[in-house]
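Engineer:
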Amino acid sequence: MALALACSSIGMASARDKKADTPPIASVDELPQGQEVSPTVIELAGWVVAAKDTQGYPFAVIDKAAAQILVFGGDGRLRGAAPGLFGSAKGDHTAPGVAGLALREIPGRDRTTPAGRFVGGYGPSIDAGRVLWVDYESAVSIHPTATGVPAEKRAERLASATPDDNRVTHGCINVSPAFYEQIIRPTFERGGVFYILPDKDSLAETFPEFAQGRATTQGDDAGRARSARR
């Protein structure tokens with residue numbers, strides 16, 4: 000239900016720029032049954048489309064708290080939603096120099112997935128071939144669930160019904176292999192924009208233009224409500 004609401008709400012924002020006879024694109028929903036998509040995620044995605052913030056490139060809205068990733072095409076239509084795994088440490092910034100460390104050398108406190116707006120795309124890596132970089136400077140990428148350390152139980156964590164155990168990576172974002180191949184890879188083959196919601200920072204700090212637009216909209220709504228009571 001929540002995902003359907005997200006589709007319809009964001010679709011309304013993009014419909015003004017699309018032909019009426021454009022066929023809908025079937026989306027892939029891997030979210031656990033009954034898990035909600037936050038209103039903030041829906042609002043942010045709607046703002047991205049309305050403001051043309053990606054200039055026609057596909058984008059993803061990533062909610063660390065709910066361990067969700069929603070992927071949209073350049074037309075603003077939802078292509079897929081799935082659970083994700085994120086950095087084991089809560090935090091919204093990357094520690095200086097962490098990108099140059101081997102995984103085993105990264106202190107636990109620095110294993111964060113940074114928040115913010117990132118323009119990313121596919122490129123080479125030292126040890127994993129061609130990867131989808133979300134933020135090359137902080138060495139954060141999206142890739143299929145890593146299973147090299149069985150004790151981490153990454154596949155099991157990803158499959159669990161709640162986001163409580165989805166903080167386990169060194170900072171990268173993991174999704175299921177099926178979602179990666181079916182949605183992530185084809186959507187971002189030519190790059191895209193990634194919006195990662197913060198753990199601790201405010202939305203105003205993380206997405207100032209969205210927050211400003213949101214405040215303006217809420218103010219306009221309040222003004223209309225006051226007028227209606229006269």
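Position one of the sequence shown corresponds to residue 0 (numbering that gives the first Met the number 0), numbered consecutively onward. Every residue, glycine too, gets a C-beta built ideally from N, C-alpha and C. Computed from a predicted model, the values in this text were never measured in an experiment.
Please state whether DSSP places ARG108 in a helix, a strand or coil.
Structural biologist: Start at 1 with the first residue of the sequence shown, and residue 108 comes out as number 109. ARG108: helix per DSSP, three-state reduction.
Engineer: Should PRO114 and THR205 be called a contact, given that it needs their Cβ atoms to be closer than 8 Å?
Structural biologist: The residue you call residue 114 lines up with position 115 of the sequence shown. The residue you call residue 205 lines up with position 206 of the sequence shown. Correcting the residue identity first, residue 114 is Ala in this sequence and not Pro. Yes. Within cutoff.
Engineer: Measure from the alpha carbon of ARG231 to the alpha carbon of each residue in SER201, PRO143, PHE187, ALA210, then state which is nearest.
Structural biologist: Summary: the structure shown does not reach residue 231, with the chain confined to residues 0 through 229, and so no result is reported for it.
Engineer: By alpha-carbon positions, which one of PHE209, VAL133, PRO197 ends up nearest to ALA65?
Structural biologist: Mapped onto the sequence shown, residue 65 falls at position 66. Checked all of PHE209, VAL133, PRO197; the closest Cα to ALA65 is PRO197.
Engineer: CB GLN54 to CB LEU30, shorter than 8 Å?
Structural biologist: If you number the sequence shown from 1, residue 54 lands on position 55. If you number the sequence shown from 1, residue 30 lands on position 31. No, they are not a contact pair.
Engineer: Identify which residue in ASP134, ALA49, ILE61, ALA138 has its Cα closest to the Cα of ASP126.
Structural biologist: Here residue 126 refers to the residue found at position 127 when the sequence shown is read from its first residue. Residue ALA138 is the option with its Cα nearest to ASP126.
Engineer: Who are the near neighbours of SER140 in its chain, counting only those whose CB is closer than 7 Å to its CB and skipping five residues on each side?
Structural biologist: Counting from one through the sequence shown, the residue named residue 140 turns up at place 141. Only VAL130, LEU131, TRP132, VAL133, CYS171 meet the Cβ criterion.
Engineer: Please classify SER201: is it buried, with 16 or more other beta-carbons within 10 angstroms of its beta-carbon, or exposed?
Structural biologist: Counting from one through the sequence shown, the residue named residue 201 turns up at place 202. Flag for SER201 reads exposed.
Engineer: Measure the Cβ-Cβ separation of ASN270 and LEU84 and say whether it is below 8 Å.
Structural biologist: In this structure the chain extends from 0 to 229, so residue 270 is not present and cannot be described.
Engineer: If I follow the unbroken alpha helix (DSSP H) through LEU102, where does it start and stop?
Structural biologist: Your numbering for residue 102 matches position 103 in the sequence shown. Here LEU102 belongs to no alpha helix (DSSP H), and DSSP marks it neither H nor E.
Engineer: Which same chain residues, not among the five before or five after ALA160, have their C-beta less than 6 Å away from its C-beta?
Structural biologist: Translated into the one-based positions of the sequence shown, residue 160 becomes position 161. Around ALA160: PRO31.
Engineer: Identify every run of the beta strand (DSSP E) within the stretch 112 to 199, keeping only runs that are complete inside it and at least 3 residues long; order them along the chain.
Structural biologist: Segments of the beta strand (DSSP E) lying fully in the stretch 112 to 199: 115 to 123, 129 to 134, 139 to 143, 166 to 168, 172 to 174, 191 to 195.
Engineer: Comparing alpha-carbon positions, which option in ALA81, PRO207, HIS92 lies nearest ARG156?
Structural biologist: Along the sequence shown, read from residue 1 onward, the residue named residue 156 stands at position 157. Out of ALA81, PRO207, HIS92, ALA81 has the C-alpha closest to the C-alpha of ARG156.
Engineer: Apart from the five residues just before and just after SER37, which ones in its own chain have a Cβ nearer than 7 Å to its Cβ?
Structural biologist: What you label residue 37 is simply residue 38 of the sequence shown in a count that begins at 1. The answer, listed in chain order, is ASP62, ALA65.
Engineer: For THR21, which residues of its own chain have a beta-carbon under 7 Å away from its beta-carbon, when the five flanking residues on both sides are left out?
Structural biologist: Translated into the one-based positions of the sequence shown, residue 21 becomes position 22. In this predicted model, THR21 has a pLDDT of only 43, less than 50, meaning its place in the structure is not dependable; the value taken from the coordinates is given anyway. Excluding residues within five positions, none has a Cβ falling inside 7 Å.
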